[in-house]
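Undergrad: Per this note's numbering: the sequence shown = residues 7 to 120. We put the CB at the ideal spot given by N, CA and C, even for glycine.
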Amino acid sequence: MAQNIVITLVFGVIGIVCFPIFIAIKDKFVIVKLGGQNVIIKNGEYERKINWMEVESLSLIQFVYPPLYKLKIKGDNKVYWFNTDNEFIKASGFVKDFSDMGDLIQKKKRELGI
């Protein structure tokens, strides 16, 4: 493809628009380790250990794959996003998580009424 100033400007504008979006959401992505009694949230050097009873909401975000979950903790205004293993089915944009972590999430949501 021949170099053209218009194409360069279009891609430059797209990059300039996407950069602030990246800066706004980059801190929402964390690593989450789920256990029988505790949830460990790790973001860089920061690590927070909470009890399952402190989880306010935990939901799967549809139309995004691999499966992306949204976690909200009671008393905390921050929302955390994390993903699970790459074991899922996607149909018409909807995602169904079949990973071990996804099974644990569904089990805990039923038990605790999250």
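Please work out which residues of its chain come closer than 8 Å, Cβ to Cβ, to Ile120, disregarding the five sequence neighbours upstream and downstream, and give them in chain order.
TA: Val61, Glu62, Ser63, Leu64, Lys114
Undergrad: I believe Trp87 touches Phe28 by the beta-carbon criterion, under 8 Å. Please report the beta-carbon distance rounded to the nearest angstrom.
TA: Wrong, their Cβ atoms sit about 13 Å apart, outside the cutoff.
Undergrad: Measure the beta-carbon distance from Pro73 to Asp103 and round it to whole angstroms, keeping in mind my assumption that it falls under 8 Å.
TA: Contact between Pro73 and Asp103 holds: CB atoms are separated by about 4 Å, below the 8 Å threshold.
Undergrad: When we look at the beta-carbon of Asn89 and count the other beta-carbons within 10 Å, is it buried (16 or more) or exposed?
TA: buried
Undergrad: Just curious, the alpha helix (DSSP H) that Glu117 is in, first and last residue?
TA: 106-118
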